[in-house]
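In my numbering, the protein residues as written are 156 to 742.
A virtual CB, placed ideally from N, CA and C, is assigned to each residue, including glycine.
Computed from a predicted model, the values in this text were never measured in an experiment.
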C-alpha cells in the first residue's frame, strides 16, 4: 500500500511522483493520469495550499484544527456535491416532477424520500473512488474489467449523455419561449455561455459560475409560497407511500421509474468522480466532501418536492389537471392561476437548471473521453494544453443546441423519455460501481463494508425489477395492474432467493478459509486467509499506478451475470426508444 501526503503540483505531462511518509521511504508513483490533477485546491470560496499542514494521526491538519479553520476548509472544498446534485434537477427533472404534480398531485412525494439513502450511498461510493484512486470512473472500468466492458459502459454513457444534453437545450428553449425571447439566438447564446464558462483554463472560475447557477435554483422558493400549497397533504404524502386513486398503474409505474431515472443518473457517477479528482481533493478531506454531498442532496430533494407541490397546487381543480404537456404548459398555468411573476420565475429557474445540467453532463462526457483515450482532461488547463478535452465538450454542447433548433421536436415527450432511459441503464452503472468499491487493490482500506454492500445490492435488485416492469410496459402498452404486480412479486422473490444463495456461498467460502484445529495434521491445508484492510491508514492511502495492479479474476457466474444484465439492458433501451417514437408519431 502507498501512503502519501498531499501531492505537490507537477508541470510535466507524466504522472507525478509522490513520497511516502517517513524519512527512509522511497518515492512511489501516483496513479493520477493528468499532472494537472495534483496540487493546490482552488475552490470557489477558498484555496488550500499543498503546504497547508500535513495530516496528523487524528486526521486533522495541524494548520486547520480550529473551528474557524475547518469552516474555511469546508468553504474551499464545497462544490462537487452541490453541483452534481443541483445539476440533477435539470430540464428533464423539471419535466418529470411537473408531470407528477400536474397529473397526480403530491401523491408521489414519497418516492423522493426513499431516494435519499440511494443518492447518498451511490454518490458517496463515487467520492471514495475519486479521492482514493485519482482515476476517473470510465478508465477504472476499462482497466479493471477489460476493453469490452469499458467500451460498453462508455457507449452507454455517451449515448445517454448526448440525449440528455439535448433535453437541457429543450428546457432552455421552453423557458425562452415563455419569456418571449427568440428561440434560435437564445439557444445559441446559452450554448456559448456553457462552453465559455468551462473554457477559461481556471477551475475556480468554472466552479464560481456553477455555484452562482446553484443560487439561481432558489428562484423556485417564491413560486412555492405564492402557489399556497397544502402543507399537511405534502407532509402526509412524503411519508405515506401510495398510488394516486383511480390512476392507471402502468402509467404511474412508468412515471416512478422516470423519477428514479431523473434523480439518480449514470452521468452523475462519472462526473462527480472526475470532478473531485480535477479539484485535487484527497482522502484527507473526505469528511468535508461528505458534508458537501449532504448539502447537495438536501437541495435536490427540497427542489424536487417544491416543483411537485406547487404544480399540484396550481392545477388542483383546474381543467388542465391530469393533462400534462410539458414544462412550458406548467409555466403558462402558473402565469394564469398564480400570477405572471410566478410564471417568469419558473421559466428563469428552468433556464438556470438547464444550463448547469448541460455543463455538468457535457463535462462528464469529456472527462470520460479523456480517461479512456488518455487525453489531458482538466479545467486547470488552457485550451491549447487540452485541445481534445475542450473540443469534445464544445462539440457535444453545440451539436445538441443545433438539434433543438431544428423544428418539430416532441419536446416534453423526449424529455420524459430520456429520464426513463436513464432509469433503465442505471442498474449496470451501479453494478460496476459496487464491484470497484469492493476491489481491495483499488480501494485498500476504503473498500465497502458489509452493510454498504447489502444495501447497494438491494438497490440494484430494485432497479432491475423496475427496468423489467418498464420493458413489459413498452412491449405491452395495455398491461394491467395485476401483471405489473406479478412482475414485482416474482422479481422480489428472485432477488431474495439470489441473496440467500450468495449468503450461503459466502459462508461456505469462509468456512473453507478457517485454519484447522491444533493437533490436526492430516487435514488438507486451508487456503490463505485474506487479511482485512488496515483502516487506520485511510487518510494517507492512495491507489498504486494502474499498471502495477493485478487484473481482477471474474468468476464464471459473475461473467454470465454481467452478460445477461448487459443483454437485457440493451434490449430494454431499444424498446424504450421504439415506444417513445411510437408515441411521438401518435402510434
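When the Cα of residue 369 is compared with those of 228, 239, 440, 655, which residue comes out closest?
239
Please determine if the region 302-322 and the region 460-467 are in contact, where contact requires at least 3 C-beta pairs separated by less than 8 angstroms.
no
Here's a check: name, in chain order, each residue in its chain whose Cβ is nearer than 7 angstroms to the Cβ of residue 258, leaving out the five neighbours to either side.
477, 479
Flag this pair as yes or no: are the beta carbons of residue 654 and residue 623 separated by less than 8 angstroms?
No, they are not a contact pair.
Would the beta-carbon of residue 650 fall within 8 angstroms of that of residue 616?
In contact: residue 650 and residue 616 (Cβ atoms closer than 8 angstroms).
Look at the Cβ atom of residue 256, then the Cβ atom of residue 491, and state whether they are nearer than 8 angstroms.
no
Which term fits residue 367, buried or exposed, when burial requires 16 or more other beta carbons within 10 angstroms of its beta carbon?
exposed
Can you check whether the CB of residue 561 is closer than 8 angstroms to the CB of residue 334?
no
If residue 327 sits next to residue 509, beta carbons under 8 angstroms apart, how far is it from one beta carbon to the other, in whole angstroms?
Their Cβ separation, rounded to whole angstroms, is 5 angstroms, which keeps residue 327 and residue 509 in contact under 8 angstroms.
Can the beta-carbon of residue 356 be found closer than 8 angstroms to that of residue 196?
no
Going by DSSP in three states, residue 491 sits in which element: helix, strand or coil?
helix
DSSP puts residue 196 in a beta bridge; with which residues?
In the DSSP output, where bridge partners are listed per residue, residue 196 has 203.
Measuring CB to CB, does residue 392 end up less than 8 angstroms from residue 304?
No. Outside cutoff.
For residue 222, which beta-bridge partners are listed by DSSP?
None; residue 222 has no bridge partner.
Is DSSP giving residue 679 helix, strand or coil here?
Note that residue 679 has pLDDT 47, beneath the 50 cutoff, so the model's placement of it is unreliable and no number is given.
Going by Cα to Cα distance, which pick from 261, 276, 639 is closest to residue 610?
276
Which whole-angstrom value describes the C-beta separation of residue 241 and residue 376, a residue pair presumed to lie in contact below a C-beta threshold of 8 angstroms?
Their Cβ separation, rounded to whole angstroms, is 14 angstroms, which puts residue 241 and residue 376 out of contact at 8 angstroms.
What's the call for residue 130, buried or exposed, on a 16-neighbour Cβ count within 10 Å?
It is not possible to answer for residue 130, since the shown part of the chain is limited to 156 through 742.
Is residue 535 helix, strand or coil when you go by DSSP?
coil
Taking 8 angstroms as the threshold (C-beta atoms), are residue 698 and residue 289 in contact?
yes
In this structure, how does DSSP classify residue 743 when only helix, strand and coil are distinguished?
Residue 743 falls outside the range modelled here, since the chain spans only 156 to 742, and no answer is possible.
To the nearest angstrom, report how far apart residue 590 and residue 658 are at their CA atoms.
Each residue's alpha carbon lies about 17 angstroms from the other.
Using 10 angstroms around the beta-carbon of residue 233, count the other beta-carbons present and answer buried if the total reaches 16, otherwise exposed.
buried
Is residue 535 buried or exposed, if buried means 16 or more other CB atoms sit within 10 Å of its CB?
buried
Given residue 723, which residues of its chain have a CB within under 6 angstroms of its CB, disregarding the five upstream and five downstream residues?
none
Roughly how many whole angstroms lie between the Cα atoms of residue 421 and residue 486?
Taking the straight line joining both Cα atoms gives about 29 angstroms.
Under the three-state reduction of DSSP, which class applies to residue 395: helix, strand or coil?
Coil, per DSSP.
So what does DSSP say about residue 336, is it helix, strand or coil?
coil
Under 8 angstroms, do residue 330 and residue 506 count as touching if we go by C-beta distance?
Remark: C-beta atoms of residue 330 and residue 506 approach each other more closely than 8 angstroms.
Per DSSP, what kind of secondary structure is residue 370 in: helix, strand or coil?
helix
For residue 547, which residues from the same chain have a beta carbon less than 6 angstroms from its beta carbon, with the 5 sequence-adjacent residues on both sides left out?
521, 524
Distance, Cα to Cα, residue 636 vs residue 707?
If I take the Cα positions, the gap works out to 43 angstroms.
Would DSSP call residue 385 helix, strand or coil?
Residue 385 carries a coil assignment under DSSP once its states are collapsed to helix, strand and coil.
Is it the case that the Cβ atoms of residue 777 and residue 493 are separated by a distance below 8 angstroms?
The first residue shown for the chain is 156 and the last is 742, placing residue 777 beyond what the model contains.
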